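J.: Shown below is the structure under consideration.
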Amino acid sequence: MTFIKHLPKPHFVIIWLACILILPIALQANTTLEQNISLNKGWNAIFLKLQVEDTDLNKIFENSPVKKVITYYPRHSSVQFIQDPDSIEWNKDSWLRWVSRESPDAFLNNLFRLNANRAYLVYSNEAFVWTIQGKPVLEIKKWQPESFNLTGFHTNPEINISFADYFGNSEAHLDLNIYQLVN
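Numbering (the numbering used here), first residue to last: 92 to 274.
See the structure below:
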């Protein structure tokens, strides 16, 4: 405390502000969490809450039943309804996909990493629990009106919540159609 008593007040304020600004960043930098995702056989819609540490999708899904991963990056496009994820036209620049290296069309992959706060369609040959490790990332969603949005939401995994529950108190969402992936 003797050191602090001898500091002029402006120096004390600068040190105090520096601690307040740097401490949260330092604490977040060492935070690695796990997310368990239950995948069914067939197509699954998932939402990654963490930034996956490994960026090589071939390595991430090595020795797993996951064979395809698809995501959508909207680029001011019109609404597109998907009946069958296998029938998507992959040459459209908003859809990104990865297939396992055993697939003959793996050379056409254009999805090279998984990002936090993003929804994915994942095809698995069998049911299993996929555990990922990564860091939580804060990102504000930019909703694209009058367009297809493939997204997910941060919810408590202990509580089973439906879209109707999630949007129940929002008057803006009363008459919206919400589609779900059906195997």
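All C-beta atoms, glycine included, are put in the ideal place defined by N, C-alpha and C. Just so it is clear, the structure is predicted and the values come from calculations on it, not from any experiment.
Give the single residue among Ser194, Ile252, His245 and Asn216 whose Cα lies nearest to the Cα of asparagine 149.
T.: The candidate whose alpha carbon is nearest that of asparagine 149 is Ser194.
J.: Taking the alpha-carbon positions, what's the glutamate 237 to asparagine 135 distance?
T.: For glutamate 237 and asparagine 135, the distance between alpha carbons rounds to 24 Å.
J.: Here's the rule: buried if 16 or more other CB atoms are within 10 angstroms of the residue's CB, otherwise exposed. What is glycine 225?
T.: Counting Cβ neighbours within 10 Å, glycine 225 comes out buried, since at least 16 surround it.
J.: By alpha-carbon positions, which one of Phe138, Thr122, Asn131 and Ile128 ends up nearest to tyrosine 211?
T.: Residue Phe138 is the option with its Cα nearest to tyrosine 211.
J.: Which value, in whole angstroms, describes the spacing of the CA atoms of threonine 146 and phenylalanine 203?
T.: Taking the straight line joining both Cα atoms gives about 7 Å.
J.: What's the C-alpha gap between asparagine 200 and glutamine 126?
T.: In a straight line, the C-alpha of asparagine 200 is about 25 Å away from that of glutamine 126.
J.: Going by DSSP in three states, leucine 187 sits in which element: helix, strand or coil?
T.: In this structure, leucine 187 counts as strand in the three-state DSSP scheme.
J.: May I ask which residues mark the beginning and end of the alpha helix (DSSP H) holding leucine 148?
T.: Run containing leucine 148: 148 to 151, per the alpha helix (DSSP H) assignment.
J.: Can you give the Cα-Cα distance for leucine 229 and threonine 222, rounded to whole angstroms?
T.: Distance between the alpha carbons of leucine 229 and threonine 222: 20 Å.
J.: To the nearest angstrom, how far is it from the Cα of arginine 192 to the Cα of lysine 140?
T.: If I take the Cα positions, the gap works out to 26 Å.
J.: In chain order, what residues of the same chain have a beta carbon less than 6 Å from the beta carbon of isoleucine 151, not counting five sequence neighbours either side?
T.: Taken in chain order, the residues that qualify are Asp145.
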